[in-house]
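Peer 1: There's a structure below that I have some questions on.
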Amino acid sequence: MPAADAAGTNGTTTADGAASGAIDGTVAADAITALPGMTQPGDTVATTEADGGTGSSTLDLLIAGGPIVGVLGVLSVIATAIILLKIWHFLSAGLGNGRKLARAVDRAVREGPEAGRAALDGVTHPGTDVIRTVLDGRLHGVPEPALREEAERIGLERVESLRSHLRALELMGGIAPLLGLLGTVLGMITVFQTLETAGSAVDPSQLSGGIWEALLTTAVGLIVAIPCVVAHAWLDRRVERAAHVIEDSATRLFVSRDMIRQAGDVRRPAAIHGGGMAPDLRTARAAGPSA
């Protein structure tokens with residue numbers, strides 16, 4: 000009997016120890032799971048399902064918008080491509096080098112066409128071709144009226160190149176909200192047709208669902224239009240600034256030449272008449288008083 004009691008006591012002690020160990024293991028596992036960055040497998044699965052649900056819900060929203068949302072999506076892709084293309088165009092054209100062009104023009108005014116031509120080397124700007132044409136024409140003796148016309152032609156050509164695709168971006172910024180509004184109107188027509196068919200047995204949930212689907216196209220249209228309008232305003236302002244720099248630089252060259260020419264015309268009679276005395280007066284003084 001004492002041996003049996005001892006065996007029973009040992010068995011109970013062993014069971015208690017195992018249970019205690021299991022409890023300690025569970026507590027440790029809970030503690031590890033509670034650490035920052037540690038998640039349970041169930042939580043991971045739930046998170047994955049939630050993420051998938053978000054993606055599918057967004058896709059469902061786009062599908063619910065109908066073909067109008069598809070058209071707006073295509074417009075958004077085209078608008079993004081135009082914006083990126085124009086940014087690259089402006090960077091490669093050197094629109095930020097207006098001050099360098101102004102310094103080259105100043106040197107041409109002070110030191111002459113050859114010095115200005117050398118100062119233009121390495122200056123990238125839409126107005127560089129205009130100034131270079133004027134300076135080369137003066138070096139080769141081209142008449143000033145012809146230089147003015149050629150400079151104006153090249154300047155307009157460069158500005159028109161900078162404005163390329165901006166009209167399309169402006170058009171998309173104006174038509175996107177109208178397309179969204181069109182989708183909303185068509186959706187509301189469908190909703191009211193459903194109400195007429197249902198008669199008195201109207202389900203409020205179906206009514207609200209049709210309304211938000213109709214309003215979805217307007218929201219998408221505004222989402223597409225706002226970036227287009229902002230980007231067009233910024234890009235158009237850059238073009239206007241470049242056009243002003245081109246016009247100002249060419250005007251300074253021509254005005255400086257006109258001022259030099261007028262100053263020469265003022266000094267020439269004094270040099271010819273011997274300090275301001277007319278030829279007939281000098282002849283009369285040399286002849287003396289008449290008898």
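Take the sequence shown: its letters are residues 0 to 290, numbered as in numbering that gives the first Met the number 0.
For each residue, glycine too, the CB sits at the ideal point set by N, CA and C.
Remember, predicted model here, so these are calculated numbers, not experimental data.
Does the Cβ of Ser207 have 16 or more other Cβ atoms within 10 Å, making it buried, or fewer, making it exposed?
Peer 2: Label assigned to Ser207: exposed.
Peer 1: Ala114 to Trp233, Cα distance in whole Å?
Peer 2: Going by the C-alpha atoms only, they are around 35 angstroms apart.
Peer 1: By the three-class DSSP mapping on this structure, what secondary structure does Asp120 have?
Peer 2: It is coil, neither helix nor strand.
Peer 1: With a threshold of 16 other CB atoms inside 10 Å of the CB of Glu159, please say whether the residue is buried or exposed.
Peer 2: The residue is exposed, with fewer than 16 neighbouring Cβ atoms inside 10 Å.
Peer 1: How close, in whole Å, do the beta carbons of Arg131 and Leu119 come, if the pair is a contact with beta carbons under 8 angstroms?
Peer 2: Yes, Arg131 and Leu119 are in contact; Cβ-Cβ is about 6 angstroms, under 8 angstroms.
Peer 1: May I have the straight-line CA-CA distance separating Ser62 from Leu221, to the nearest angstrom?
Peer 2: One point to set straight first is that residue 62 is Ile, not Ser, in the sequence displayed. Cα-Cα distance, rounded: 18 angstroms.
Peer 1: Please state whether DSSP places His139 in a helix, a strand or coil.
Peer 2: His139 falls in the coil class under three-state DSSP.
Peer 1: So which of Val76, Leu94 and Ala213 has the shortest CA-CA distance to Ile245?
Peer 2: Per the Cα distances, Leu94.
Peer 1: Which word fits Glu195, buried or exposed, when buried means at least 16 other C-beta atoms lie within 10 angstroms of its C-beta?
Peer 2: Per the 10 Å Cβ criterion, exposed.
Peer 1: Do three or more CB pairs link the region 171 to 187 to the region 133 to 142 at distances below 8 angstroms?
Peer 2: No: the two stretches stay apart, fewer than three of their Cβ pairs being nearer than 8 angstroms.
Peer 1: Assign Arg240 to buried or exposed, taking buried as 16 or more other Cβ atoms, counted over all protein chains shown, within 10 Å of its Cβ.
Peer 2: Per the 10 Å Cβ criterion, exposed.
Peer 1: Whole angstroms are fine: how far does the CA of Asp235 sit from the CA of Leu165?
Peer 2: Their Cα atoms are separated by approximately 7 angstroms.
Peer 1: Quick check on DSSP: helix, strand or coil for Asp202?
Peer 2: Three-state result, Asp202: coil.
Peer 1: Ser248 to Ile188, Cα distance in whole Å?
Peer 2: Cα-Cα distance, rounded: 59 angstroms.
Peer 1: Report the CB separation of Val298 from Ala150 in whole angstroms; it is logged as a contact under 8 angstroms.
Peer 2: Nothing can be reported for residue 298: it is not among the residues displayed for the chain, which extend from 0 to 290.
Peer 1: Judging by CA-CA distance, which residue of Thr79, Ser255 and Pro125 is the nearest neighbour of Val238?
Peer 2: Here the closest residue by C-alpha is Pro125.
Peer 1: Going by DSSP in three states, Ser255 sits in which element: helix, strand or coil?
Peer 2: Here Ser255 sits in helix by DSSP.
Peer 1: Distance check for Phe89 and Thr79, CA to CA, integer angstroms please.
Peer 2: Between Thr79 and Phe89, the C-alpha separation is close to 16 angstroms.
Peer 1: I'd like the list of long-range same chain contacts for Gly136, defined as Cβ closer than 6 angstroms, with 5 residues on each side in sequence excluded.
Peer 2: Around Gly136: Leu146.
Peer 1: Please state the DSSP three-state secondary structure of Ser306.
Peer 2: Absent from the model: residue 306. The displayed extent of the chain is 0 to 290, so no value can be given.
Peer 1: Pick out whichever of Glu156, Leu83 and Leu71 has its Cα sitting closest to the Cα of Leu177.
Peer 2: Checked all of Glu156, Leu83 and Leu71; the closest Cα to Leu177 is Leu71.
Peer 1: How far does the alpha helix (DSSP H) with Ser91 in it reach, from first residue to last?
Peer 2: Ser91 -> alpha helix (DSSP H) spans Pro66 to Ala92.
Peer 1: So which of Pro112, Ser75 and Arg98 has the shortest CA-CA distance to Ala230?
Peer 2: Per the Cα distances, Ser75.
Peer 1: Is the CB-CB distance between Thr216 and Ile67 below 8 angstroms?
Peer 2: Against a cut-off of 8 angstroms, the Cβ pair of Ile67 and Thr216 comes out as a contact.
Peer 1: Quick one: is Leu155 buried, meaning 16 or more other Cβ sit within 10 Å of its Cβ, or exposed?
Peer 2: Classification of Leu155: exposed, given that the 10 Å Cβ count is below 16.
Peer 1: Write down the C-beta distance between Leu252 and Val104 rounded to the nearest angstrom, noting that I regard them as a contact closer than 8 angstroms.
Peer 2: Going by Cβ atoms, the distance from Leu252 to Val104 rounds to 6 angstroms, so yes, they are a contact pair.
Peer 1: Less than 7 angstroms between C-beta atoms, sequence neighbours within five positions excluded: which residues of the same chain meet that for Ile210?
Peer 2: If we look at Ile210 and ignore the five residues flanking it on each side, its Cβ neighbours are Val190.
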